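Quick mapping for you: the protein sequence lines, in order, are chains A and B.
Heads up: the first sequence runs through residues 1 to 62, numbered per our numbering.
Heads up: the second sequence runs through residues 1001 to 1378, numbered per our numbering.
Just so it is clear, CB atoms sit at the ideal spot from N, CA and C, and this is done for glycine as well.
As the structure is a computational prediction, the values presented were derived from the model and not from experiment.
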Amino acid sequence: MSSDFINNKSNDDEKDKVSPESYAVDPSTIPNPVLQRLIQEVRHEKQNKVASYNRLHNRHNR
Amino acid sequence: MSRKQVELDTVLVKVASRCNIDCKYCYVYHLGDDSWSRMDKLMSIETMDAISSSFAELVLEQEKGFSVVLHGGEPLLLGYTRLRYFLSKLRAALPKNFPISIQTNGILITEKILDLCSEFHTSIAVSIDGPEHVHNKSRIDHRGRGTFQDVINGIDKLQAHIDSEFLFAGLLAVIDPKTEPLEIYKFFKRLNPPSIDFLFKDGNHTNLPPGKLSIESTEYGAWMVGLLDSYLDDSDPIPIRVLDDMLKVLLGGDVSKEGIGITNFGIVIIDTDGSITKNDTLKSAFNGADRFANTWRIQEHHLSRLLRSSEFRKYHEMQRPTSAKCIKCPELNICGGGMTVHRWRKDNAYNNPSVFCADQLHLIQHMRKRLKSFGLSE
């Protein structure tokens, strides 16, 4: 959603940022289970724009 | 932003306007809004029918799917018979891949309710704040007694159900910044939920959130840093949604949560009498802050008509911060300016950074440091 806005803003955010290509890193090389999972999720979401509406758990009003 | 019609991703349906408990920090009953007192106690069959019909039409009109959350008050006050009626109508209107879930305090969970939820593919998330001495400080019943053991009994039933893998959606906790985050994390790990989410206590620039001494202080940020460290240092962690969302933005991904990142969400609330409102968390700013200028009722107005209206677009755009500090902030794409309601101040409404701005910056700075230690930075 709102991808135009996201793209416009991301060009402005240059300060000491984590690489937006972090999802391209091989997750198995990162020795942390949380970060491994998140990198995999980001990669998966980049490849498959499916179910982005689907808040899989803890659905509430925030 | 694209000018195409906004699509909904979440519809929160308040099937009961009252609650069987009386949490001290509740934005519905204790932060100045009194609309609950004029509501029907429970949603009527006619209103349920109108909602189901409207959803069936929206399924055909929207490209994207949407989630439906039964909320309250306490949604399980609806009782078995009415809940059965509503879930059967909702599931008939919504394909199985459209999530329906219930956000409950867990006390009224029974085997029968769980069977019903399983039958209509409806998941359940339970609110619990931590171990007994933490939970019972705020989550009390109407006689002032702690509800911890009753909630644990509900979670036990949920986990024991044959369909628990689907039914148990996760736990939701409200943070008390005076607690020890590692203790809270370990407690939740022992409960073994599929995931946890944490919320800040509501507040704004005029009425500071409980536990926050000043706009500049970082009690909540420091607590979240402690939680992040507990999480990242755990060799077998359970997912924490709020942290996952922020970390995923830092890793180049998108978010699933309003109030983080710069993804706009399409959220409306259908109140117990069928009135359609903005995100009801806005209630904690001032009485009636969640109401549209015009009266919208699900019995009379189709949801797509509301979505095309200028006042809905205006409400939708409120998610983006307007203050100069946010606009030029290099971290805006991470925090998104926080929840709209947390930006409110009596003299200039929402034209402010979040009251949690200092907390969020403190947390983001620590996240960057931790990511850098894993080589995940430029």
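- At a cut-off of 8 angstroms, the C-beta of P33/A has a neighbouring C-beta in chain B.
- Along the length of the segment 1236 to 1289 of chain B, whole beta strand (DSSP E) runs at least 3 residues long occupy 1267 to 1270, reported in chain order.
- Neighbourhood of F1374/B in chain A, by CB distance below 9 angstroms: I30, P31, N32, L35, in chain order.
- Every beta strand (DSSP E) of 3 residues or more that sits fully in the segment 1123 to 1191 of chain B is shown, in chain order, as 1168 to 1174.
- Taking C-beta atoms under 8 angstroms as the contact rule, F1086/B and S1123/B fail to qualify, at a distance of about 15 angstroms.
- If you look at K1014/B, you'll find it in the beta strand (DSSP E) that goes 1010 to 1014.
- Residues of the segment 1212 to 1232 of chain B with a C-beta less than 8 angstroms from any C-beta of chain A: Y1231, L1232, listed in chain order.
- Among the residues of chain A, none has a CB under 8 angstroms from the CB of S1053/B; the nearest is roughly 21 angstroms distant.
- In this structure, DSSP gives T1081/B a helical state, which the three-state scheme calls helix.
- Measuring C-alpha to C-alpha distances from L1363/B to each of K1096/B, Q1149/B, T1218/B, D1022/B identifies T1218/B as the nearest.
- Cβ contact annotation for D1163/B (same chain, cutoff 7 angstroms, sequence separation greater than five): S1118, in chain order.
- Nearest to G1211/B by alpha-carbon distance, out of C1019/B, P1321/B, P1177/B, is P1177/B.
- The alpha-carbon separation between R1091/B and A1222/B amounts to approximately 43 angstroms.
- Sorting E1180/B, L1213/B, I1113/B by C-alpha distance to the C-alpha of F1168/B places I1113/B at the top.
- Annotation for I1102/B: the continuous beta strand (DSSP E) segment containing it runs 1100 to 1104.
- In this structure, DSSP gives R1291/B a state outside helix and strand, which the three-state scheme calls coil.
- Segment contact: the segment 1121 to 1135 of chain B against the segment 1031 to 1042 of chain B, fewer than three CB-CB distances shorter than 8 angstroms; contact not assigned.
- Separation of Q36/A and P27/A (C-alpha to C-alpha, rounded to the nearest whole angstrom) is 5 angstroms.
- For K1248/B, the closest Cβ of chain A is nearer than 8 angstroms.
- Residue pairing for V1006/B: DSSP places it in no beta bridge.
- Counted as a single uninterrupted DSSP element, the stretch harbouring L1227/B is not any beta strand (DSSP E) but the alpha helix (DSSP H) occupying residues 1219 to 1232.
- With distances taken between CA atoms, L1182/B lies nearest to D1234/B out of T1047/B, D1141/B, D1234/B.
- Cβ atoms of V1341/B and A1285/B come within 8 angstroms of each other, at about 5 angstroms.
- Proximity of S1304/B to chain A, defined by a Cβ-Cβ separation below 8 angstroms, is not satisfied.
- As a beta-bridge residue in DSSP terms, D1197/B pairs with L1172/B.
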